[in-house]
Amino acid sequence: MVDMVPGRNIMGIMCLLLGIVPLLSLSSVMSDDTWNRLIIHHANITLPCDSDGTIPNSTAIQISWILPDAHLIQITQEMVKYQRYQFQQYGRSLKITDVDVDVFGIYHCMVDLQNGTILNFRHGINKDGPYFGDLMAKYKPHIVNGAIAAAIMFCVALFLCGFCSFQQERGQDKLVKFREENPGVYWAPPEPLKRSTYIYDNTAIDMVELKSSVKRVNDKEDVEDKLPPKVELYRSSKLQIKM
């Protein structure tokens, strides 16, 4: 059965066109971004005036460059360098040194031919903002070196832990074997040495008291030597004579 209502067919075609047009425009925009170049900071880049070398040398009358700041530069034989821009082969290529934020943007190369035709070639440098490069590619060597060093340190630590554990088990085995061979002997670790320590609050006073005590003892011994045999000296400092 055929639909005989023409309006319904027209509406379907319009909806189909409305769905295809955005896809076509999106694909054109995506393909159009190929002229934009992503350059890292402080790098050098050379922009050719023609991307495929289609400009004949004999038919080119004038080559001009329009910079991102809208400054128009007409290339002559005398003009070779302008600021950080270097024009090579009479403007057929533009070399930019030390790329920074002030050179980001869109460049136009305009070529006037003898037949009156004007060709325009467009190049972009980080037109969407700074580009820091592929971070994985930049830091991959450092990551690899760090991983290798960490693996080596882990293997060394694992070996030391295993060696210490082996030595400890070996010592325990020797102790068990010794106890089995000598059941009546008990081994105990030696006790630490005990040291007598004398603390003097005032060394000078302690020395004086020590000398005084020594002198008293010496005087007492001299007195006992001089007394007669029947006389004894008691601690109460009293003399008693025995008959």
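Residue numbers for the sequence shown, in mature numbering (1 follows the signal peptide of the UniProt record, and there is no 0): -31 to -1, 1 to 212.
We treat Cβ as the ideally placed atom computed from N, Cα and C, and that holds for glycine.
Exposed is the label assigned to Y108, since fewer than 16 other Cβ atoms lie within 10 Å of its Cβ.
Of the candidates I42, F147, V68 and K50, the residue whose Cα lies closest to the Cα of G98 is V68. In the DSSP assignment, N13 forms no beta bridge with any residue.
Here V72 is buried, its C-beta having at least 16 other C-beta atoms within 10 Å. CA-to-CA, the gap between E150 and L129 works out to about 32 Å.
Using a Cβ distance threshold of 8 Å, L63 and L7 do not count as a contacting pair.
Excluding sequence positions up to five before and after Q43, its CB lies within less than 7 Å of the CB of Q31 and S33, all in the same chain and listed in chain order. Assigned with DSSP and collapsed to three states, C133 falls in helix. Under the three-state reduction of DSSP output, D67 falls in the coil class, being neither helix nor strand. Annotation: the continuous beta strand (DSSP E) that includes Q55 extends over Y54 to Q57. When rounded, the separation of the alpha-carbon atoms in F135 and I9 is 55 Å. DSSP, read as helix, strand or coil, puts F90 in strand.
In the structure shown, L7 falls within a coil segment according to DSSP collapsed to helix, strand and coil. In the displayed model, H111 falls within a helix according to three-state DSSP. Out of D81, V80, I75 and E138, the CA that lies nearest to the CA of I94 is found in I75. Per DSSP, the unbroken beta strand (DSSP E) holding L82 starts and ends at G74 to L82.
Of Q57, L41, D38 and H40, the smallest CA-CA separation from I14 is found for Q57. Per DSSP, reduced to three states, the secondary structure at K96 is coil, with no helix or strand assignment. In the three-state scheme derived from DSSP, where H, G and I count as helix and E and B as strand, I117 is classed as helix.
A check of alpha carbon separations from A12 across V70, N114 and Q137 identifies V70 as the nearest. Counting along the chain, the unbroken beta strand (DSSP E) around I42 starts and ends at L41 to Q43.
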